[in-house]
Structures are given as C-alpha cells and as structure tokens.
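In what follows, a structure is listed as structure tokens, so that the remarks can point back to it.
Here it is as structure tokens:
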C-alpha cells in the first residue's frame with residue numbers, strides 16, 4: 105500500500121511486511137464507519153464502532169506508510 109489504511113472488521117492474515125504497532129481505539133474510525141453506513145448502507149455492527157483495533161504499520165517492503173487496522177474483541 106502506498107499510503108492509506110485497510111480496515112478489517114474481523115481476523116485477517118497480516119502480510120509479513122507489516123509490523124504490529126499497538127492496540128487502540130482510533131478516533132477517526134467512528135466517523136468513517138458512520139459515513140459508510142449512512143451513504144452506502146455498509147453493514148457495520150455496533151461493536152465495530154466502539155471496539156479495539158490492532159494497528160500494523162507497513163508496508164516495510166515499500167515506503168512503510170500504510171497501515172492495517174484489525175478489529176479485535178480484546
């Protein structure tokens with residue numbers, strides 16, 4: 105990924121070129137998910153709005169400016 109975020113609402117296989125950074129609640133994600141649900145009827149469950157996300161930084165094979173946010177029940 106050049107520069108951006110991939111949001112996974114369930115478990116996924118993280119590429120080897122990404123590294124775990126932290127587990128947190130990204131403030132911007134609630135706004136993004138609200139917009140996706142309102143505009144595109146994207147099926148988002150309440151747990152995804154208030155849940156915790158594992159953040160992986162990468163892609164270390166390129167510039168290292170992407171991220172993957174993986175929802176977790178923590």
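Residue numbers (this note's numbering): 105 to 178. Quick reminder that beta carbons are idealized off the backbone N, C-alpha and C, glycines included.
Exercise. If we ignore side chains and look at the alpha-carbon of each, how far apart do residue 160 and residue 132 end up?
Worked result: As a first step, residue 160 is located in the chain shown; it is residue number 56 there, counting from the start. As a first step, residue 132 is located in the chain shown; it is residue number 28 there, counting from the start. Rounded to whole angstroms, residue 160 to residue 132 spans 16 angstroms at the Cα level.
For this session: Report the rounded CA-to-CA distance for residue 177 versus residue 123, giving the unit in angstroms.
Result: By 1-based counting over the chain shown, the position of residue 177 is 73. By 1-based counting over the chain shown, the position of residue 123 is 19. About 20 angstroms.
Problem set entry | Interface flag, residue 150 vs chain D, CB-CB below 7 angstroms | As a matter of chain content, chain D is missing from the structure shown, which is built from one protein chain.
Exercise. How many whole angstroms separate the CB atoms of residue 109 and residue 171, which I take to be in contact at a CB cut-off of 8 angstroms?
Worked result: Within the chain shown, residue 109 is the residue found at index 5, counting from 1. Within the chain shown, residue 171 is the residue found at index 67, counting from 1. Between residue 171 and residue 109 the Cβ distance is about 5 angstroms, and since that is below 8 angstroms, they are a contact.
For this session: List in chain order: all unbroken beta strand (DSSP E) runs of 3+ residues lying wholly within the segment 148 to 172.
Result: For the segment 148 to 172, whole beta strand (DSSP E) runs of length 3 or above, ordered along the chain, are 156 to 162.
For this session: Under the assumption that residue 134 contacts residue 153 (Cβ atoms under 8 angstroms), give the Cβ distance between them as a whole number of angstroms.
Result: By 1-based counting over the chain shown, the position of residue 134 is 30. By 1-based counting over the chain shown, the position of residue 153 is 49. Rounded, the Cβ-Cβ distance is 5 angstroms, consistent with contact.
For this session: Could you pull out every residue in the same chain whose Cβ sits closer than 6 angstroms to the Cβ of residue 111, ignoring the five residues on either side in sequence?
Result: For the purposes of this step, residue 111 is taken as the residue at position 7 of the chain shown. For residue 111, the CB contacts under 6 angstroms within the same chain, skipping 5 residues up- and downstream, are 173 in chain order.
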